[in-house]
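Quick mapping for you: the protein sequence lines, in order, are chains Z and P. Count the first sequence with numbering that gives the first Met the number 0 and you get residues 0 to 681, in order. Count the second sequence with numbering that gives the first Met the number 0 and you get residues 0 to 75, in order. For each residue, glycine too, the CB sits at the ideal point set by N, CA and C. Before any comments, here is the structure.
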Amino acid sequence: MENNETERRELRVAFIGNPNCGKTTLFNAYTGANLKVANWPGVTVEKKEGSYKFQGQEFKLIDLPGIYSLTSYTMEERVSRMCILSDEVDVIVDVADASALERNLYLTLQLIELGKPVVMALNMMDIVEERGMEIDLHRMQEMLGIPVIPVSARKKTGLEQLMHAVLHHRDASARHRIEHHHKVGENAQLHAEYALVYSDGIEEEIARLENVFEDRYPDMTNRRWHAIKYLENDSDVMGEFPVESFDPESFESRMINEKYDFIEEVIAEVLVNRDEKSAMTDRIDRVLTHRIWGVPVFLGIMALVFALTFTVGDWLKGYFEAALEVFSDGVSGLLSAVGAGELITSLLVDGIIAGVGGILTFLPNIVILFIALAVLEDSGYMSRVAYVMDGLMGKIGLSGRAFIPMLLGFGCTVPAVMASRALEDKRDRLRTMFVTPFMSCSARLPVYVLLSQMFFGKWAGIAAFSMYVIGLFMAILVALIVSKCSKKYEEHTLLIELPEYKTPNPHTIFIYVWDKVKDYLTKAGTTIFLASIVLWFLLNFNQHGLVSDMGESFAAGIAKFLVPVMKPTGLGYWQIIVALISGIAAKEVVVSSMSVLYGVANISSAEGMAALSGALGSVGFTAVNAYAMMIFVLLYIPCVATLATIKRESGSVKFMLGTMAMQLLTAWIMSALVFNIASLIF
Amino acid sequence: MTLQSMEIGQTADVQSISLAHDTSRRLEMLGLTGGTEIKLLNKKKNGAVIVKVRGTRFAFGREIARGIEVETENGK
């Protein structure tokens, strides 16, 4: 270990803490937007890494998922524990919320037991001071035996002190002296060495197991921790280090109680002017979680979010379109000036610029939607939604918590499907994943905006908004059917922390939104770029070479097969079918394909739309067909990225194919229904 | 009595938890150990509750609220 440390120049620091303790804000304060996001090997728990430099020392910072304890009940806990125990981490930074110190100390005690160097970053000290409380940091360090550094992630104070402490406590042996005021005599040796000493009965068991381990597993580091985990009947540790002579009695409940007894001792000694007010949050909750007003208030907030997305977003979109038009004309002009061939011009202007550029003009709508979602999450409102919606979700056989992934689905289905893993029951998880794709994601937005602006005039906003309502309604309906069809009624139960409300942090929101925008731009540059080229090729060529009429191309040939199938839905046009099929790559591609198909360079501008609606109108594609198409796009097969995520999260190809088939069928039935009923009326 | 039958604004002590093993341990880890003070902040018709324990608010569904036995100050 020592040798490795001198060879390795960078110091590896893991950030760990309870959910809502401000850990990510603190992590972002060090790394900025400059971070690497990946998944932990084999699981879909997010892994964030960033780098930081201080006093000539390189730091590699790892942000672990927010957890309450280090047991192995959930995937997040297991991942965090494995990471901390591995050689991958030199120092643990335990981020604790000073305003909820009592509960946060539970994880701290578990981290200290691991035996690695731990430094506590005591966050939100400003809130504590505002409430007139004081924390005796000096006494806390003495009782816990680890350095405690007050920080404010939001105001960016204490950041250097924290890294300074990390640098100087990277060696586990350089620990603080522990001083307790315990009754003299009992276990004096243990009290000098460990912050938390259990009752005699448990300490005897720990000592006995430590002896067993010493004989059987001489290489085991930190025997005390392994012994403690054994007494908690931790399945991971018991599986890895089997011991025959162990009587599997669990002391877990007793040990949890003893940890809290010790925490109460600490709190009694370090917390001055303990205050229970936090009146602000209670006042806000009186309205937002009101038994009658809670649901209407939530619906109002969502209506506001979408109103902003459509009004402000569309206004900004105008500028993007103007810029695209200038660019597109410039490129055409340039190409003809240098005498480029017609084929190259067509590929660049009709294929790539029309496809990719058309998608980029929708960026303002998407940015606003993601800002709104980030604000809901960072302010602390998101978890209230779980409580508010618990009644309705209970009726469809899910816990209120399942509503959070569904709500995130308005942003992007991929992280939404991943968020379903916060649900503890596997069947709950599968059901949530099954219906989440119905929640209309931001990639479908361009399709609605385009079609509704072309066909619904001043009702465009309402037509587009109705998609979100229909999507939510279908998700609820399908969940209800699944719940009625499953064999027995299971009890689903909600368990979620409701953090204190706070003003959303602009930096946190910026990083969240920038991350999504980057994804969107990357997708425009890769998936959509490639899809546009492939589509351009398939539309301009057939087995005999270049075609003059797209109706004779490869793509048309394939799509024409499906025309009879799609006829009842009002979408029996080969061009529309090509657009829909290519939309499986990414939903925005439906729009970019339409521009390629109809050769409209700037599809979302007024002239572009006039050209497109003219072309569509001439073949009898009217507002009714457009609405049926919006519904079909809302409900049909999700994009490839979503399918891959569903497969990975459920661990079953069959489940993924089932989801796909169900959605395709639902889309067909619903759009056929709407098309035929609407055709009778209008 | 159970958490569910408490009234909004009332304070009580946690007596015992009779729920599935994992759920019980999880609640204990969150600080709902024997004798802990618990305050009911809100409840809904469907039985979900909001409580405050050790300075933190939690929302519990009906099944959890039913499984937590509490004792109020006047000894009920």
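Span separating the alpha-carbon of residue i from that of residue j
{"i": "Z:E75", "j": "Z:I358", "result": "36 angstroms"}
{"i": "Z:G390", "j": "Z:A401", "result": "12 angstroms"}
{"i": "P:E62", "j": "P:I49", "result": "13 angstroms"}
{"i": "Z:L664", "j": "Z:A478", "result": "15 angstroms"}
{"i": "Z:V183", "j": "Z:Y193", "result": "Confidence is the limiting factor: at Z:V183 the pLDDT is only 47, short of 50, which leaves the residue's position unreliable and the question unanswerable from this model."}
{"i": "Z:P116", "j": "Z:P503", "result": "32 angstroms"}
{"i": "Z:M453", "j": "Z:S612", "result": "6 angstroms"}
{"i": "Z:M473", "j": "Z:F437", "result": "7 angstroms"}
{"i": "Z:R102", "j": "Z:F509", "result": "29 angstroms"}
{"i": "Z:I91", "j": "Z:V652", "result": "38 angstroms"}
{"i": "P:V13", "j": "Z:A421", "result": "26 angstroms"}
{"i": "Z:V722", "j": "Z:L633", "result": "Because chain Z in this structure spans residues 0 to 681, residue 722 of chain Z falls outside the shown range and cannot be described."}
{"i": "Z:V265", "j": "Z:Q109", "result": "15 angstroms"}
{"i": "Z:F654", "j": "Z:V384", "result": "28 angstroms"}
{"i": "P:F59", "j": "Z:R138", "result": "35 angstroms"}
{"i": "Z:E263", "j": "P:T55", "result": "15 angstroms"}
{"i": "Z:A99", "j": "P:R53", "result": "8 angstroms"}
{"i": "Z:G550", "j": "Z:S439", "result": "32 angstroms"}
{"i": "Z:G114", "j": "Z:G144", "result": "12 angstroms"}
{"i": "Z:G470", "j": "P:D21", "result": "35 angstroms"}
{"i": "Z:M123", "j": "Z:F53", "result": "23 angstroms"}
{"i": "Z:A584", "j": "Z:I351", "result": "16 angstroms"}
Partners in chain P for residue i, counting only beta-carbon separations shorter than 9 angstroms
{"i": "Z:T288", "result": "L40, N41, K43, I49, A58"}
{"i": "Z:I284", "result": "This sequence places Asp at residue 284 of chain Z; Ile is not what is there. Near Z:D284 (Cβ distances below 9 angstroms), the residues of chain P are L40, N41, I49, R56."}
Per DSSP, the bridge partner or partners of residue i
{"i": "Z:M466", "result": "Answer is none; Z:M466 lacks a bridge partner."}
{"i": "P:K42", "result": "P:V48"}
{"i": "Z:F58", "result": "Z:L10, Z:Y51"}
{"i": "Z:P637", "result": "According to DSSP, Z:P637 bridges with nothing at all."}
{"i": "Z:M629", "result": "Beta-bridge pairing links Z:M629 to no other residue."}
{"i": "Z:P149", "result": "Z:L121"}
{"i": "Z:I495", "result": "P:A58"}
{"i": "P:V13", "result": "P:V69"}
{"i": "Z:V92", "result": "Z:F14, Z:V118"}
{"i": "Z:L545", "result": "Z:F540"}
Neighbour list for residue i in chain Z, Cβ cutoff strictly below 7 angstroms
{"i": "P:T55", "result": "A99, R102, E496"}
{"i": "P:T32", "result": "I255, N256, Y259"}
CB contact flag (residue i, residue j, <7 angstroms)
{"i": "Z:I83", "j": "Z:A120", "result": "no"}
{"i": "Z:G379", "j": "Z:Y500", "result": "yes"}
{"i": "Z:P637", "j": "Z:T412", "result": "yes"}
{"i": "P:A64", "j": "P:I37", "result": "no"}
{"i": "Z:S331", "j": "Z:V348", "result": "yes"}
{"i": "Z:S71", "j": "Z:R77", "result": "yes"}
{"i": "Z:L718", "j": "Z:I576", "result": "Residue 718 of chain Z lies beyond the stretch modelled for chain Z, which goes from 0 to 681, so this question has no answer here."}
{"i": "Z:I61", "j": "Z:S79", "result": "no"}
{"i": "Z:P363", "j": "Z:G312", "result": "yes"}
{"i": "Z:A191", "j": "Z:E209", "result": "no"}
{"i": "Z:V94", "j": "Z:F14", "result": "yes"}
{"i": "Z:V12", "j": "Z:V150", "result": "no"}
{"i": "P:T1", "j": "Z:Y259", "result": "no"}
{"i": "Z:K586", "j": "Z:A442", "result": "yes"}
{"i": "Z:A463", "j": "Z:V448", "result": "yes"}
{"i": "Z:S603", "j": "Z:E320", "result": "yes"}
{"i": "Z:S592", "j": "Z:A627", "result": "no"}
{"i": "Z:I645", "j": "Z:M432", "result": "yes"}
{"i": "Z:T435", "j": "Z:G393", "result": "no"}
{"i": "Z:E251", "j": "P:R24", "result": "yes"}
Chain-ordered chain Z contacts of residue i [CB-CB under 8 angstroms]
{"i": "P:M28", "result": "Y67, S68, T70, Y105, I255"}
Beta-carbon neighbours of residue i, restricted to chain P and to distances below 8 angstroms
{"i": "Z:T492", "result": "T22, F59, G60, R61, E62, I63"}
{"i": "Z:S252", "result": "S23, R24, E27"}
Min CB distance residue i to chain B below 7 angstroms
{"i": "Z:E209", "result": "No chain B is part of this structure, whose protein chains are labelled Z and P."}
In chain order, what residues of the stretch 384 to 399 of chain Z put their CB closer than 8 angstroms to some CB of chain P?
A385, Y386, D389, G390, G393, S398, G399
Residues in the stretch 118 to 134 of chain Z having any Cβ partner in chain P nearer than 9 angstroms
none
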